[in-house]
Amino acid sequence: NPQSFNVSYKKDPEWHGAYSHLARSLPEIAVAEFHKKIKEAFEVFDHESNNTVDVREIGTIIRSLGCCPSEGELHDLIAEVEEEEPTGYIRYEKFLPVMTQVLLERRYRPIPEDILLRAFEVLDPAKRGFLSKEELIKYMTEEGEPFSQEEMEEMLSAAIDPESNSIHYKDYITMMVIDEN
Amino acid sequence: MGCGTSSSAKDRKSERALRAALIIQNWYRGYSARLKARQRYALTIFQSIEYADEQGQLQLSNFFSFMFENYTHVCEKDPEFVSRLFGNTHQDDKDRQDYVGLVDVPDSYNGPRLQFPLTFTDIDLLIEAFKQQQILHAYYVLEVLFETKKVLKQMPNFTHVKTSPSKQITICGDLHGKLDDLLLIFYKNGLPSGSNPYVFNGDFVDRGKNSVEILMILFVSFLVYPNDLHLNRGNHEDFMMNMRYGFTKEVLHKYKLHGRKILQLLEDVYTWLPIGTIIDNEVLVIHGGISESTDLNLLHHMERNKMKSVLMPPFPIDEDYAADLKNKVGTTAVPRGVRTSGSLSEQLTKHEWEQVIDILWSDPRGKRGCYPNTSRGGGCYFGPDITSKILNRYQLKMLVRSHECKPEGYEICHDGKVVTVFSASNYYEEGSNRGAYIRLGSGMTPQFFQYQVTRATCSRPLYQRVNIMESSAIRILKERLISRKTDLIRAFQLQDRNKSGKLSLGQWAFSMENVLGLNLPWRSLSSHLVTTDKDGNVDYMSSFQDVHIQKPVKEAQSTLIETLYRHRTDLQIIFNIIDSDHSGLISMEEFRTMWKLFNSHYSVHIDDSQVDELAERMDLNKDGSIDFNEFLNAFYVVHKFDKLHKSDSTLA
Numbered sequence: 001n002p003q004s005f006n007v008s009y010k011k012d013p014e015w016h017g018a019y020s021h022l023a024r025s026l027p028e029i030a031v032a033e034f035h036k037k038i039k040e041a042f043e044v045f046d047h048e049s050n051n052t053v054d055v056r057e058i059g060t061i062i063r064s065l066g067c068c069p070s071e072g073e074l075h076d077l078i079a080e081v082e083e084e085e086p087t088g089y090i091r092y093e094k095f096l097p098v099m100t101q102v103l104l105e106r107r108y109r110p111i112p113e114d115i116l117l118r119a120f121e122v123l124d125p126a127k128r129g130f131l132s133k134e135e136l137i138k139y140m141t142e143e144g145e146p147f148s149q150e151e152m153e154e155m156l157s158a159a160i161d162p163e164s165n166s167i168h169y170k171d172y173i174t175m176m177v178i179d180e181n
Numbered sequence: 001m002g003c004g005t006s007s008s009a010k011d012r013k014s015e016r017a018l019r020a021a022l023i024i025q026n027w028y029r030g031y032s033a034r035l036k037a038r039q040r041y042a043l044t045i046f047q048s049i050e051y052a053d054e055q056g057q058l059q060l061s062n063f064f065s066f067m068f069e070n071y072t073h074v075c076e077k078d079p080e081f082v083s084r085l086f087g088n089t090h091q092d093d094k095d096r097q098d099y100v101g102l103v104d105v106p107d108s109y110n111g112p113r114l115q116f117p118l119t120f121t122d123i124d125l126l127i128e129a130f131k132q133q134q135i136l137h138a139y140y141v142l143e144v145l146f147e148t149k150k151v152l153k154q155m156p157n158f159t160h161v162k163t164s165p166s167k168q169i170t171i172c173g174d175l176h177g178k179l180d181d182l183l184l185i186f187y188k189n190g191l192p193s194g195s196n197p198y199v200f201n202g203d204f205v206d207r208g209k210n211s212v213e214i215l216m217i218l219f220v221s222f223l224v225y226p227n228d229l230h231l232n233r234g235n236h237e238d239f240m241m242n243m244r245y246g247f248t249k250e251v252l253h254k255y256k257l258h259g260r261k262i263l264q265l266l267e268d269v270y271t272w273l274p275i276g277t278i279i280d281n282e283v284l285v286i287h288g289g290i291s292e293s294t295d296l297n298l299l300h301h302m303e304r305n306k307m308k309s310v311l312m313p314p315f316p317i318d319e320d321y322a323a324d325l326k327n328k329v330g331t332t333a334v335p336r337g338v339r340t341s342g343s344l345s346e347q348l349t350k351h352e353w354e355q356v357i358d359i360l361w362s363d364p365r366g367k368r369g370c371y372p373n374t375s376r377g378g379g380c381y382f383g384p385d386i387t388s389k390i391l392n393r394y395q396l397k398m399l400v401r402s403h404e405c406k407p408e409g410y411e412i413c414h415d416g417k418v419v420t421v422f423s424a425s426n427y428y429e430e431g432s433n434r435g436a437y438i439r440l441g442s443g444m445t446p447q448f449f450q451y452q453v454t455r456a457t458c459s460r461p462l463y464q465r466v467n468i469m470e471s472s473a474i475r476i477l478k479e480r481l482i483s484r485k486t487d488l489i490r491a492f493q494l495q496d497r498n499k500s501g502k503l504s505l506g507q508w509a510f511s512m513e514n515v516l517g518l519n520l521p522w523r524s525l526s527s528h529l530v531t532t533d534k535d536g537n538v539d540y541m542s543s544f545q546d547v548h549i550q551k552p553v554k555e556a557q558s559t560l561i562e563t564l565y566r567h568r569t570d571l572q573i574i575f576n577i578i579d580s581d582h583s584g585l586i587s588m589e590e591f592r593t594m595w596k597l598f599n600s601h602y603s604v605h606i607d608d609s610q611v612d613e614l615a616e617r618m619d620l621n622k623d624g625s626i627d628f629n630e631f632l633n634a635f636y637v638v639h640k641f642d643k644l645h646k647s648d649s650t651l652a
C-alpha cells in the first residue's frame, strides 16, 4: 500500500544498497520494481510454470532477495503465505503482497561484516584468531537455531583450513564477502 | 552472594555466545541461500539457451522446405548442385560386404577386438578399453552397427516387458555422450544381464565427447542381451541433430577414413530404434512426452523406420510434380528421404510424423491443456489433465520420460503420474546437476538413485562449484548478447531519448527480453552483465566492452561478422549437407547459391557482394573451393579476460 510507505528510509545510510535507485522514485514506481524483482526470483523456482513453488524453497527465495530472516521469522512468514490447509506449495498470489511489504518495510536486514566478525570473536575469547573444528561444530549444532548435519558439512567444506583443522574466521569472512561482490 | 554474581556472569556469557551463534547461523543461511539461488539462475540460463537453439532447428527445417520450393529456380542455373544437395543417398539393402567388407584391421591395432557372435566378455572388454581411452576400430564399429540394425529391425515399435520382485528393471535417461556417467551407473547398479535388465530412454549421443563409446557399449550389450537391454529412440538419435550438436564432428574426428560410412549406416540404425517400452502393462517409457492426440495404437503399427529426422517433415509431393522435376533436372533428384519411385508410400503421413515428434519432443508442465512447445519449436507442453486422459485411455498408471535436465537428476510431477529421469550429471557445467536412474519392479514403489561424477577425489566447496557454473553460464549469455549487438543497441537507443548512454533497470530489462526472447530474470542478472551507477541507472554499452567477435578479415563490417556468427551453426549444417561426400570443401559457386537462399529466407540484410568478398578473401587455397570448417571456425567470440581463449593463429 503506497500510502503507508514511510519516507524516512531516505535518510538511512543502509538504504543505499540494492534498492538505492528507488531513492528518488515515486513510491508507486518503487512498488512496481519490487514486484518485478519478486516475480523474477519466484519464477526461477517455479519448475512447473504454474505460479507455485515448493514451500521448502521459500526460504531460499526470500533470502535471494536480500533479506535475512532467522529460522523463527521464516516460519512466521511461511505461515502468512501458506494456504489455510497447507498443500506443500506456496502460490504467487499470496506470496507477492507479503514479500512486497517485507521489502518496503526493509525487514530482516542482512548482518554487516563487522557485526559478523565480532560474533566470531565472542566465541573465541582467547583471541587466537581461529576456532577449532570441534568448537565451531559445537556452537553451530547446539546453540541458537542449530544447523542440520548437511548445513554443518557445507559450512565446514569452505571454512575449514585442512592443515590445521581450524577455521580462521577473519579470512573466511573476507573470502565470502568478496565472493558475493 | 558470590554464587549469585558468578552464575549471572555465566548466564550473561552464555547469552552472548547464544546471540553470537544466532548471528553466524543467520548470516550463513542467508549466504548459502543466495549461493543456491545463483546456481538456479545459472541453470535457467543454460536451459533457456539450449531450448532457444532447438527452436533454431525448426527455422532450419522451414528453410529446407523453402529451399525445395525454390530450387527450380536454382536448378536452372546449376542442376548438378541441386542433385548433390538433394541427391538420394539411400542404401537400404546393401549387404555386409558393402559396409564392412572393405575395411581391414591392421596387426598394429592395439585396441579392443570383438568376437562375433558377441558375448558378455565383449562388454567387459569394451568397457576396460574405453576406460583407457582406446578407440574401437572402424571395422568393429561397422560390424556392430550392421548387426544392431538387423536385430532392431525385428523388434516391434514398443517393447513389452514384465518384471518380478526378483527381476527388477532399471531405467536410465539422457546420457549425451558422457561415458563417466554410464560407467558410474554400471558400477553402482551392475552390468546389464539376463537378471539385470535396463531401459535406456534415448539421447545417448551429442554434446558429450564419448557418444561413439556409449553407443558401442549399448549396442554390444543389446546384441548380447536383446531381450533385456531396451533402447528407446530420443530426439538426438537423428542424423541432422547430430550435425548441429557434435556427434557428427566426433565421428569424423575419431574415424578420419571410415567416418562417412559409419554415419551413413548410423542414419539407418537410428530409424529402427523402438519408440518406447511398456513395463508390466502399466508404465509407459518414452523419451519426450505426449500430446492430447497421442494414439498408441497408431504408434504401435506405423512403420517407424520412415521417420528419418525431425528436420524432414513429409513433403506434400504429387506424382505430376515429381515427374516434372525429373524432366527438368534430368536426374532422379528429390529431397532426401523421398524415393524417386515417386510414391507417397515411402513417407510417413503427416499425422504419423507429428505423433512421433510429440513422443520425442514434448515436455510436461503444470498448466492444464496442451500447447505448442514454443521454446523448443517441436512437440508440445502437456498438462496433468492430458496425462490423466491418455494414461486412462490405455489403462496405464505412470509415464516415465527424460529429455529435460533436472538439478536432482529426476523429478516427479502431475500428481506422481509423470517421472522425468535424466542420467547425464554435470550436463551444462561441472556442478550443474546430479544424474539419476530408477529401479522398478512389480508390486514395489519405484526407487530413485542419484549420483554426480566428479573429477577431483574430494568435491569442491559449494561456493566454488557455483562460481564455475555461474561464470560458464554468464559467458555463453554474453556470447548471445554479442551476436545480437546491433539489434540490442538499436532497441536501447530507442528508449534513450537524451542519448545519455543510460537507461533505468526496468527499461534495460525490457529491451533485453524484447530482443533476445530468452525469458530470463534480467534484473537479477544485471550485475553480471552491465555496470550500474550509484543512481541505479544502467550503462547499456558496458555489456559489450569485454567481449567481441574476432574478425577473420580486418576490413569486414561488424554487422556482417555478427550475422555470420549468429547463424554459424545453421550454416554448418547446411554446408554439411551440401558436402555429401564429407570432403570438407564446397565450391565458390555452391557457397554463393547457398548464401543467396539463406539470405532471402532468413531476411538477413547483408549485401551478397559483401559475403562474396569475404568468401574470396577466405579462399585460402586460392583454388576456387572453400574449406567451410575453416570458414566457420574463423568466427568466434573473444573474451577479453580469458587466460586461454582459442587463438587460431593459423589464419593470418
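Sequences listed follow chains A and B, in order. Sequential numbering from 1 applies to the first sequence in the UniProt record's numbering. Sequential numbering from 1 applies to the second sequence in the UniProt record's numbering. Each residue gets a CB set at the ideal place from its N, CA and C atoms; glycine is no exception.
message: My output table needs one value for B:R84: the three-state DSSP class, helix, strand or coil.
response: For B:R84, the pLDDT reaches just 48, beneath the cut-off of 50, and the residue's location in the model is therefore unreliable, leaving the point undetermined.
message: To test your reading of the DSSP string, which unbroken beta strand (DSSP E) runs of 3 or more residues are found completely within the region 558–600 of chain B?
response: Those beta strand (DSSP E) runs which fall completely within the region 558–600 of chain B and span 3+ residues are 585–587.
- prompt: How should B:R40 be labelled, buried or exposed, when 16 other C-beta atoms within 10 angstroms of its C-beta is the threshold for buried?
  reply: Burial call: buried.
query: Shortest alpha-carbon distance to B:S483 belongs to which of B:G409, B:I561, B:F631, B:D181?
result: B:I561
message: Is there a Cβ of chain A sitting closer than 9 angstroms to that of B:V12, yes or no?
response: Checking the displayed sequence, the identity of residue 12 of chain B turns out to be Arg instead of Val. No - not a single Cβ of chain A is within 9 angstroms of the one on B:R12.
query: Where does B:G288 sit, in a helix, a strand or coil, going by DSSP?
result: coil
field: Closest residue to B:Q264 among B:K308, B:N232, B:T277, B:H414 (Cα-Cα distance)
entry: B:K308
query: Around the C-beta of B:G378, are 16 or more other C-beta atoms found within 10 angstroms, so that it is buried, or is it exposed?
result: buried
Proximal residues, the region 373–397 of chain B versus chain A, C-beta separation under 7 angstroms: Of all residues in the region 373–397 of chain B, none has a Cβ within less than 7 angstroms of some Cβ in chain A.
task: With 8 angstroms as the limit, tell me which residues of the region 408–427 of chain B have their beta carbon closer than that to any beta carbon of chain A; keep them in chain order.
output: Within the region 408–427 of chain B, the residues whose Cβ lies closer than 8 angstroms to some Cβ of chain A are E411, C413, listed in chain order.
- prompt: Is the CB of B:I357 under 9 angstroms away from at least one CB in chain A?
  reply: no
- prompt: Going along the chain, which residues of its own chain have a beta-carbon closer than 6 angstroms to the beta-carbon of A:E83, five neighbours each way excluded?
  reply: none
- prompt: Nearest chain B C-beta to A:N134 closer than 9 angstroms, yes or no?
  reply: Checking the sequence, you will find Glu at residue 134 of chain A rather than Asn. Closer than 9 angstroms: no.
Extent of the continuous alpha helix (DSSP H) run through B:L125: 120–131
query: Is B:N196 helix, strand or coil by DSSP?
result: strand
- request: Determine, using beta carbons only, whether B:L505 comes closer than 9 angstroms to chain A.
  value: Residue contact with chain A for B:L505: present (Cβ-Cβ distance below 9 angstroms to some residue of chain A).
task: Would you mind giving the Cβ-Cβ distance between residue 191 of chain A and A:I160, rounded to the nearest angstrom? I have them listed as a contact below 8 angstroms.
output: Coverage of chain A is limited to positions 1 through 181, which leaves residue 191 of chain A absent and any answer about it impossible.
- prompt: Excluding five sequence neighbours on each side, which residues of the same chain lie with their C-beta closer than 6 angstroms to the C-beta of B:I45?
  reply: A473, L477
- prompt: chain A partners of B:Y371, CB-CB under 7 angstroms?
  reply: None at all; the shortest Cβ gap to chain A is about 11 angstroms.
field: Element boundaries [alpha helix (DSSP H), containing B:Y109]
entry: No alpha helix (DSSP H) holds B:Y109; DSSP gives it neither H nor E.
Expected contact under 8 angstroms - CB spacing of A:L65 and A:A41 to nearest Å: 5 angstroms
For B:K36, the three-state DSSP class (helix, strand or coil): helix
query: Can you list the alpha helix (DSSP H) stretches of 4 or more residues lying completely in the UniProt domain "EF-hand" (483–518) of chain B, in chain order?
result: Assignment of alpha helix (DSSP H) within the UniProt domain "EF-hand" (483–518) of chain B, counting only whole runs of 4 or more residues, yields 485–495, 505–516 in chain order.
query: Taking the alpha-carbon positions, what's the B:I279 to B:G409 distance?
result: 21 angstroms
- prompt: residue 183 of chain A touches chain B at which residues, Cβ-Cβ below 9 angstroms?
  reply: Lying before the first or after the last residue shown, residue 183 of chain A is absent from chain A, which here runs from 1 to 181.
- request: For A:F45, return the contacting residues in chain B, with the cut-off set at a CB-CB distance below 7 angstroms.
  value: Within 7 angstroms Cβ-Cβ: R40.
message: Given a cut-off of 9 angstroms on the beta-carbon distance, is the pair B:D533 and B:D539 in contact?
response: yes
- prompt: Could one say the Cβ of B:T44 lies closer than 9 angstroms to chain A's Cβ atoms, at least one of them?
  reply: yes
task: Count the other CB atoms, across all protein chains shown, that sit within 10 Å of the CB of B:I262; report buried if there are 16 or more and exposed otherwise.
output: buried
- prompt: Does DSSP classify A:M152 as helix, strand or coil?
  reply: helix
field: Residue burial classification, B:L102 (beta-carbon count within 10 angstroms, cutoff 16)
entry: exposed
Any C-beta of chain B under 9 angstroms from that of A:K10: Interpretation of A:K10 is limited by its pLDDT of 44, a score under 50 that renders its predicted location unreliable; the figure taken from the coordinates is listed afterwards. It does not; no Cβ of chain B falls within 9 angstroms.
- prompt: With which residues is B:Q450 paired in a DSSP beta bridge?
  reply: B:A436
- prompt: For B:L481, is the beta carbon positioned less than 8 angstroms from some heavy atom of the ligand FMN?
  reply: This structure does not include the ligand FMN; it has no bound ligands of any sort.
query: Any Cβ of chain A within less than 9 angstroms of the Cβ of B:W522?
result: yes
- prompt: Under the rule that 16 or more other beta-carbon atoms within 10 Å means buried, what is A:M176, buried or exposed?
  reply: With at least 16 other beta carbons inside 10 angstroms of its own, A:M176 counts as buried.
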